[in-house]
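2 protein chains.
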Amino acid sequence: MPTIVVDVMPKSELLDPQGKAVSGAFARLGVTDFSDVRIGKRFELTVDGEVTDEVLAAAEKVAGDVLSNSVIEDVVGIEVVQ
Amino acid sequence: MPTIVVDVMPKSELLDPQGKAVSGAFARLGVTDFSDVRIGKRFELTVDGEVTDEVLAAAEKVAGDVLSNSVIEDVVGIEVVQ
Numbered sequence: 000m001p002t003i004v005v006d007v008m009p010k011s012e013l014l015d016p017q018g019k020a021v022s023g024a025f026a027r028l029g030v031t032d033f034s035d036v037r038i039g040k041r042f043e044l045t046v047d048g049e050v051t052d053e054v055l056a057a058a059e060k061v062a063g064d065v066l067s068n069s070v071i072e073d074v075v076g077i078e079v080v081q
Numbered sequence: 000m001p002t003i004v005v006d007v008m009p010k011s012e013l014l015d016p017q018g019k020a021v022s023g024a025f026a027r028l029g030v031t032d033f034s035d036v037r038i039g040k041r042f043e044l045t046v047d048g049e050v051t052d053e054v055l056a057a058a059e060k061v062a063g064d065v066l067s068n069s070v071i072e073d074v075v076g077i078e079v080v081q
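From first to last, the protein sequence lines are chains F and L. Heads up, the first sequence is in numbering that gives the first Met the number 0, so the first residue is 0 and it goes up one at a time. Heads up, the second sequence is in numbering that gives the first Met the number 0, so the first residue is 0 and it goes up one at a time.
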């Protein structure tokens with residue numbers, strides 16, 4: 000069954016304390032390849048049957064209304080994965 | 000600066016209570032297009048300079064060791080985004 004993946008990230012201008020914590024862990028582990036870490040959410044929506052335009056529109060709507068908080072987050076990707 | 004995106008999802012055989020909660024919310028909102036919802040994490044690792052093989056190998060290592068719990072999660076994607 001096809002899946003629609005919705006990616007949600009904290010707005011770039013906001014501090015991401017979880018990301019900072021992971022960055023700190025990297026430093027303690029001697030991992031120096033990454034200058035910043037940001038953490039968001041990945042939703043996999045399973046679709047029964049085909050992904051029609053209506054289903055994609057429904058995914059976009061719930062992405063904005065339910066899966067993300069538009070005050071602090073951005074929907075950065077909506078992708079159909081067969 | 001390039002970014003490496005690491006996607007981590009709960010193992011498919013495990014119950015995803017958060018996903019079930021969102022599914023329930025969809026039903027209450029009259030959204031019937033999606034038969035299941037699973038929620039995972041999306042990490043954006045910012046790289047200073049180029050993404051060399053060493054940097055990619057470091058991303059794969061931290062993905063398995065730090066960013067995911069191999070008992071309950073799978074790393075489902077590691078992607079370089081320019």
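For every residue, glycine included, the Cβ atom is placed at its ideal position computed from N, Cα and C. What you are looking at is a predicted structure, and each value in this text was computed from that prediction instead of being measured.
Run of the beta strand (DSSP E) containing residue 9 of chain F, from where it starts to where it stops: It spans 2–9 - the beta strand (DSSP E) in which residue 9 of chain F sits, taken as one unbroken run.
Spell out the partners DSSP gives residue 33 of chain L in its beta bridges. The partner list for residue 33 of chain L (beta bridge, DSSP) reads F/46.
Below 7 angstroms on C-beta distance, what does residue 27 of chain F contact in chain L? Under a criterion of Cβ atoms nearer than 7 angstroms, no residue of chain L is adjacent to residue 27 of chain F; the nearest Cβ is some 10 angstroms distant.
Would you please state the rounded distance, in angstroms, between the beta carbons of residue 18 of chain F and residue 35 of chain F? I believe it to be under 8 angstroms. Correct: roughly 7 angstroms between the Cβ atoms.
Using only the alpha-carbon positions, how far apart do residue 51 of chain F and residue 3 of chain F sit? When rounded, the distance between both Cα atoms is 11 angstroms.
DSSP puts residue 72 of chain L in a beta bridge; with which residues? As a beta-bridge residue in DSSP terms, residue 72 of chain L pairs with L/9.
If you reduce the DSSP assignment to three classes, tell me which class residue 54 of chain L lands in. It is helical.
Report the option in L/1, L/6 and L/13 whose CA atom is closest to the CA atom of residue 71 of chain L. Comparing Cα positions, the closest option is L/13.
Within 8 angstroms (strictly less), CB to CB, does residue 63 of chain F reach chain L? Contact with chain L is absent for residue 63 of chain F, since none of that chain's Cβ atoms lies less than 8 angstroms from the residue's Cβ.
Considering only DSSP beta bridges, list what residue 39 of chain F is partnered with. L/41, per the DSSP bridge assignment.
Which residues in the same chain as residue 38 of chain L place their Cβ atom closer than 6 angstroms to its Cβ, once the five residues preceding and following it in sequence are excluded? So the list reads 17 and 18, once near-sequence residues are dropped.
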